[in-house]
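Q: Start counting the sequence shown at 1; every next residue gets the next number (the UniProt record's numbering).
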Amino acid sequence: MAIAAYVWRSQAALAREYVTARVESGAVAPTVTASGTLNPVTTVRVGSYRQSLLLAFAQLADGLQALDHDTSLVGVQHKELDAARSTQDPTQQSFEARQSDFQRVIEAQRQC
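(1) Report all residues from its chain with a CB closer than 6 Å to the CB of leucine 81; omit the five preceding and five following residues, and keep chain order.
(2) By DSSP, does glutamate 18 sit in helix, in strand, or in coil?
(3) In angstroms, rounded to a whole number, what distance separates the CA positions of leucine 38 and alanine 29?
This is the structure we're talking about:
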């Protein structure tokens, strides 16, 4: 019984230990405490990120080269279109002149 009383008293003394401090006024500062192992929220492999970035730039460069090639093709096609239009005008005029000749022949045949 004496041992039980001694253990009970020693635990009671430990449980009732209080800490006092002076009250001070001032700004409230947040305090962060942690126990155990801290784990990152996001893990990024720098080499992998760098490789992805280089791949994206390579794809962009390929797209720009294709666009530049297409642009040069459009320029060539515009020149071809202008050349076709320049030959169309005399051909159109010749067609219209022959059509009017044909109309005159038809009119002459109707009158006979």
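Positions of the beta carbon are idealized from the N, C-alpha and C atoms, including for glycine. Keep in mind that this is a model prediction, so the values were computed, not measured.
A: To lay it out plainly:
(1) Counting from one through the sequence shown, the residue named residue 81 turns up at place 81. Hits under 6 Å: none found.
(2) As a position in the sequence shown, residue 18 is number 18, starting the count at 1. Note that residue 18 is tyrosine in the sequence shown here, rather than glutamate. Reduced to three states, the DSSP call for tyrosine 18 is coil.
(3) The count along the sequence shown starts at 1 and reaches residue 38 at position 38. The count along the sequence shown starts at 1 and reaches residue 29 at position 29. C-alpha separation (whole angstroms): 22 Å.
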